[in-house]
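What follows is one structure encoded as structure tokens, with my remarks underneath.
4 protein chains.
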Amino acid sequence: MTGNTFGTLFRVTTFGESHGPAIGGVVDGVPPRLPLAEADLQRELDRRRPGQSRHTTQRREPDRVQILSGIFEGLTTGTPIGLLIANEDARSKDYGAIKDLFRPGHADFTYLAKYGIRDYRGGGRSSARETAVRVAAGAIARMVLGDAVRIRGALVQMGPHGIDRARWDWDETARNPFWCPDAAAAEAWADHLDGVRKSASSVGGIVEVVASGVPVGLGAPVFDRLDADIAKAMVSIPAVKGVELGSGFAAAARSGLENNDAMRMKDGRPVFLSNNAGGVLGGISTGQDIVVRVAIKPTSSIATPQRTVNVDGAEVEIATTGRHDPCVAIRGVPVCEAMLACVLADHLLRQRAQCG
Amino acid sequence: MTGNTFGTLFRVTTFGESHGPAIGGVVDGVPPRLPLAEADLQRELDRRRPGQSRHTTQRREPDRVQILSGIFEGLTTGTPIGLLIANEDARSKDYGAIKDLFRPGHADFTYLAKYGIRDYRGGGRSSARETAVRVAAGAIARMVLGDAVRIRGALVQMGPHGIDRARWDWDETARNPFWCPDAAAAEAWADHLDGVRKSASSVGGIVEVVASGVPVGLGAPVFDRLDADIAKAMVSIPAVKGVELGSGFAAAARSGLENNDAMRMKDGRPVFLSNNAGGVLGGISTGQDIVVRVAIKPTSSIATPQRTVNVDGAEVEIATTGRHDPCVAIRGVPVCEAMLACVLADHLLRQRAQCG
Amino acid sequence: MTGNTFGTLFRVTTFGESHGPAIGGVVDGVPPRLPLAEADLQRELDRRRPGQSRHTTQRREPDRVQILSGIFEGLTTGTPIGLLIANEDARSKDYGAIKDLFRPGHADFTYLAKYGIRDYRGGGRSSARETAVRVAAGAIARMVLGDAVRIRGALVQMGPHGIDRARWDWDETARNPFWCPDAAAAEAWADHLDGVRKSASSVGGIVEVVASGVPVGLGAPVFDRLDADIAKAMVSIPAVKGVELGSGFAAAARSGLENNDAMRMKDGRPVFLSNNAGGVLGGISTGQDIVVRVAIKPTSSIATPQRTVNVDGAEVEIATTGRHDPCVAIRGVPVCEAMLACVLADHLLRQRAQCG
Amino acid sequence: MTGNTFGTLFRVTTFGESHGPAIGGVVDGVPPRLPLAEADLQRELDRRRPGQSRHTTQRREPDRVQILSGIFEGLTTGTPIGLLIANEDARSKDYGAIKDLFRPGHADFTYLAKYGIRDYRGGGRSSARETAVRVAAGAIARMVLGDAVRIRGALVQMGPHGIDRARWDWDETARNPFWCPDAAAAEAWADHLDGVRKSASSVGGIVEVVASGVPVGLGAPVFDRLDADIAKAMVSIPAVKGVELGSGFAAAARSGLENNDAMRMKDGRPVFLSNNAGGVLGGISTGQDIVVRVAIKPTSSIATPQRTVNVDGAEVEIATTGRHDPCVAIRGVPVCEAMLACVLADHLLRQRAQCG
């Protein structure tokens, strides 16, 4: 209703600016008696944490999450879970120089136009720092979904460079700093990104998130289709410009015969012979893998001078210094995973409510 | 909350199955004292109506909409607007043959799995027939937005065939049966689609919707970003598999310098020198055109035999007869427009609420 | 969000004015595979229907409800249930004389002040006619709750005249035109009400609604307490000015020892020795009867002249003719029952979602 | 949706247990550029703070509120306001003795029945401690409403002892420890309450809250009537058992002529000659004072032994020690004010959204 809450029954509300004292949130609707500890959240947060390789921002945030409520003797109680993450390495003075400028590709102009005021320090509320809380919420969502549901993400394109899907290896995603499932591609990307960074540039990417083990039947047509809610979840992540499921945009060029997933029986159960649907038919999960691809634009903050204007209407040049990711898509991987987890947990509860 | 309602302040609830007595809905939150007549809705419905050329389904539905409430002496009263559209040309007996089969690419399997029951006649609730009510609601949304905001859609790709953007002519969209903005492409598509239909096949497409005159400041970060709500709106339309704004998926391959929209002053106001953002920055409208592209899969119902199973677990072949669009993307154009109108009207009211 | 929708998971949206072509609504979130027919709804509507005795309005509405969707072969499908009730005996010309007047105790003044326009015919949207749809929705809610939950209402006070609770007999409520559980009181009330009607006056009343068999555990603290949602539901009914649960306002004068419900074991289960809580503790149902009392003001429309003003600011006298209930509390009984059923059905689904 | 959020556009979410590290919340939807400081919230919190006289609990909580986000350079930014209040004087060991007992009149039984787990320390989430966050949110709501709207509360009945309305003096409410508007009554209450405390008993009360200067037109019929939302707000406060507006339950005994508020012109504007409506007609504010009365039950925790059972099904006696208010209605006054402020702020924004 008011912009900072996501979900219907598994419900995440976040608050906080990049350079305020803390960010945090409330996760409500969590079923009771689930084992949950701060360590479960921290594990996911550490995957998103900045400063872990030369390829991400050098801001040093420990991103230590504190659970303030909703847990008793190691179990969820069914009451809201309050989350708090202190901001420890905010360097607001880095931003004094740009306080009156609209950084191209940023929300500076639109926040000021909308609200008539903006917290320019580190982008304020528009900063991707806010996504840390989403990752913590996603960790709780995974607990709700249980071990049978597995959600994994990978970076499948960095700038113009894709991967060889024949070499896809999920284990590889944990071994390189890009969540790249193709070891050879990851090596090439490292060189590419070094060049990008040296040339004061930035680059976009495509994240692919896959949820396995999702029960058939999740999704609430007609408007709250599972894929519609996933699309919203993904595009709500900063810098995302597009989303597709299954065959996605490629489906437009196909015939029905090519794109339909034929069915056969296997072990006494109906199975699909392909997954162009990406695990969703008619807005309801099929039981196949949910496959989502997310297009993330290149980091807007670059050191290369760009033309812009300031709040007084003067035309100026801007070169954004500060500590930025050259490719925000990398750290977007755990965020996309978290949002998919939140959507699935929400629809799991919704399905249980209506259909038992 | 329950799947069949869309929007927060401009709020659309729909009901109805393809072969029930009627479809309909309720539009709530409409500002009072707007001039509104059934003719305003009918005009939009007629654009989506089937059977207007050889290229769409031959089901003959007049799609006559009736306003049951919320209007007094030609003006909206601020109370909910009840809408009713009778189903007049439903031929349920066409569907008897498939009542126990799962049509590939359809929601038959998932509806049955979710609900344990399904109205197989014409796809029941999963039928795109439901979108007629959306179009009526979209017509009301346009009234809320006023004349300054203009929302237009076009089909920019049919199957593998795109358009030449240099030939883009909005007026042309009304002259051919495809909403194609490129007259030459439209001619080629007509031949292509005749072939598709003769070969008992179907084809997908890409719809582009553009909103001009949108005021700066619409959108409610962080989760209810304008683009996130647009993404949800589009993917909630049957057969949609992907959505992108501005440079969309192409942004992934770009550098920040290429993708950022530089700013300059013009006539005393800040302007953007390009629109890779697609009219949204940080989830808030920039005042530029909102540009959305929507990938629509090929019609699932085809007369070519496909492999499937039935409810008893037998492996069978199915060839879907009945009256189907060979390219549902065509009639998807006014539906995409309507959904964009609904999102914008909703956020216009939300912006007015919070920021005055 | 927009005023005309009630509930979270069992969700009722209504539309329609007193003198428009029809009133109706949509009930969404209904579990699938419940047996449901128009007759189930009609039975409840007939209990609220006007013109059944000399003590209620003589407007002759058959209140015939039509189900437009959501049912297939006699069972709910889980998709939204569209409801339609035609307005057949609207005499709008009765209202021409008052179109520019603000009837005291009515919403004429506030609707015009809020919306800048009002449908004066029969009170438009503010008419209690709208509650017919609630009663239909309540009948669906009862199906969701199942036979184990029983919801009954009674009029326990008419004007200054109460009942003798020692004579309480639920069966009696169906035998007199007042839903009075005390046969002797009912006789006295009949005389009283004849006098009221003859003197061109009106009278208020208190409705008591009791739900038995409600499972323990319903309610979502802290804001969506079961009693809070019941309070909202009741006060949302036209003419309601107060609501209380259990000992209600009397609790204010008591000590904790008097008001607490002590507990003991019975048949191996904890039981309460009294029910001052009215079946709700901490916002969650205890398993005891839910007991709600609802104060309903006297009918505002009376034939006795009253001082008022008109839209042009002239001071005038008004005597409301037309066909009105001398005591709206009577027909309020099935409406209060319906709203309680809706709240309980909603919380039953919510409880199932979170706690399984 | 999930119980711990209140409001539609002015939206309050709370979290926290009585004996956890902290309680807190998020207030979202606040208009930008309002001056707001922690001191504005603290002022209201101090009014509710325990331990300020011998008549309330001796728990010593400073209730120091911290604003974590949403404010920049002393002004609201339109982004969510995160609130944190540390729990400093929780003595959990006080509660060890009752961890397996169901305290009569408390939520112990229902929380355990609902969730299968409960945080017994200080009542956990069911503790009235949670209302501190509501008071902080109410202070923000007052800022949204502006100086023209004034919300004041008073205790008008303590146990069986009422007030003399002829002696009503708002200033007096700040001079005695009961928010009593009648100085003479306050003196009598002090003696009464001393007796109650000494006899290890407790007592209920009735709070009256009045909002002046409320603009005409607030409220969203039919379900989100202003009075319906007020009723929900009040009954969502712990220990509340009833609510009424204007003439309330007394209206039931009246005739229409007695209860209707006649209208006349004054200074060129329509005025009401009485306020039996309590400032709401048809669910919409009339511009008169909103007058709400709230029945609060006696404190459930008393030192007098009561019969109860424990989680193992044994019948036992319980005498609740710990630090409790003998009359929770006293500290309920600022909480009722806060909830009324939240409802009005919410509907002010809703009105602005729909009607401009």
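Protein chains in written order, with our numbering: chain W, 5 to 360; chain A, 5 to 360; chain V, 5 to 360; chain R, 5 to 360. Where is the CB? At the ideal position from N, CA and C, for every residue including glycine.
In this structure, residue 232 of chain A places its C-beta atom within 8 Å of the C-beta atom of residue 239 of chain W.
For residue 245 of chain W, the enclosing beta strand (DSSP E) begins and ends at 244-249. A straight-line Cα-Cα distance of about 42 Å links residue 296 of chain R and residue 78 of chain W. Close to residue 251 of chain R, with beta-carbon spacing below 8 Å, lies no residue of chain W; the smallest spacing is near 33 Å.
In this structure, DSSP gives residue 315 of chain R a state outside helix and strand, which the three-state scheme calls coil.
Taking 8 Å as the CB threshold, residue 86 of chain W lines the interface with chain R.
Secondary structure note for residue 334 of chain W: its alpha helix (DSSP H) is the uninterrupted segment 332-359. Within 10 angstroms of the beta-carbon of residue 193 of chain W lie 16 or more other beta-carbons, which makes it buried.
In this structure, residue 301 of chain V sits near residue 245 of chain V, with a CB-CB distance shorter than 8 Å. If you draw a 10 Å sphere on the C-beta of residue 183 of chain V, you find 16 or more other C-beta atoms in it, and that means buried. Between residue 357 of chain W and residue 32 of chain V, the alpha-carbon positions lie close to 13 Å from each other.
Residues of the same chain with a CB within less than 6 Å of the CB of residue 309 of chain A, apart from the 5 flanking positions on each side, are 321, 323 in chain order.
Annotation: the continuous alpha helix (DSSP H) that includes residue 118 of chain W extends over 112-119. Under the DSSP assignment, residue 103 of chain A falls outside any beta strand (DSSP E); it carries neither an H nor an E label. Straight-line measurement puts the Cα of residue 73 of chain W at about 32 Å from the Cα of residue 294 of chain W.
Secondary structure note for residue 90 of chain R: its beta strand (DSSP E) is the uninterrupted segment 85-90. Nearest CB-CB separation between residue 224 of chain V and chain R: below the 8 Å threshold.
When DSSP assignments are scanned along the stretch 217-302 of chain V, the uninterrupted stretches of beta strand (DSSP E) that are 3 or more residues long and fall wholly within it turn out to be 244-249, 267-270, 273-276, 294-300.
Under the DSSP assignment, residue 306 of chain A falls outside any alpha helix (DSSP H); it carries neither an H nor an E label.
Interface flag for residue 146 of chain W against chain V is unset, since no Cβ pair is found closer than 8 Å. Listed by position along chain W, the residues whose Cβ is nearer than 8 Å to that of residue 359 of chain V are 35, 36, 82. Between residue 272 of chain W and residue 317 of chain A, the gap from beta carbon to beta carbon is short of 8 Å.
DSSP assignment within the stretch 161-210 of chain R yields the following whole alpha helix (DSSP H) runs of 4 residues or more, N-terminal first: 187-202. Under a 10 Å Cβ-count criterion, residue 26 of chain V is classified as buried, with 16 or more other Cβ atoms of the shown protein chains found around its own Cβ.
The count of Cβ pairs closer than 8 Å, one atom from the stretch 276-287 of chain A and one from the stretch 212-226 of chain A, reaches three, so the stretches are in contact. Between the alpha carbons of residue 157 of chain R and residue 164 of chain R lies a distance of about 19 Å. Taken atom to atom, the span from the alpha-carbon of residue 288 of chain A to that of residue 210 of chain R is near 47 Å.
Annotated as distal: residue 11 of chain A and residue 329 of chain A, with beta-carbon spacing of 8 Å or more. Taking C-alpha positions only, residue 319 of chain V is separated from residue 311 of chain V by approximately 7 Å.
Sorting V:266, V:355, V:189 by C-alpha distance to the C-alpha of residue 219 of chain V places V:355 at the top. Between residue 251 of chain A and residue 263 of chain A the beta-carbon gap is near 6 Å, inside 8 Å, which marks them as a contact. Residue contact check for residue 13 of chain V against chain W: a CB pair falls below 8 Å.
Straight across, the Cα-Cα distance linking residue 51 of chain V with residue 333 of chain V is about 13 Å. Taking a 10 Å sphere around the C-beta of residue 236 of chain W, we find 16 or more other C-beta atoms and assign the residue as buried. Taking a beta-carbon distance threshold of 8 Å, residue 161 of chain R counts as an interface residue toward chain V. Residues are counted here when their Cβ sits less than 7 Å from a Cβ of chain V; for the stretch 301-315 of chain R these are 301, 302, 303, 304, 306, 308, 310, 311, 312, 313, given in chain order.
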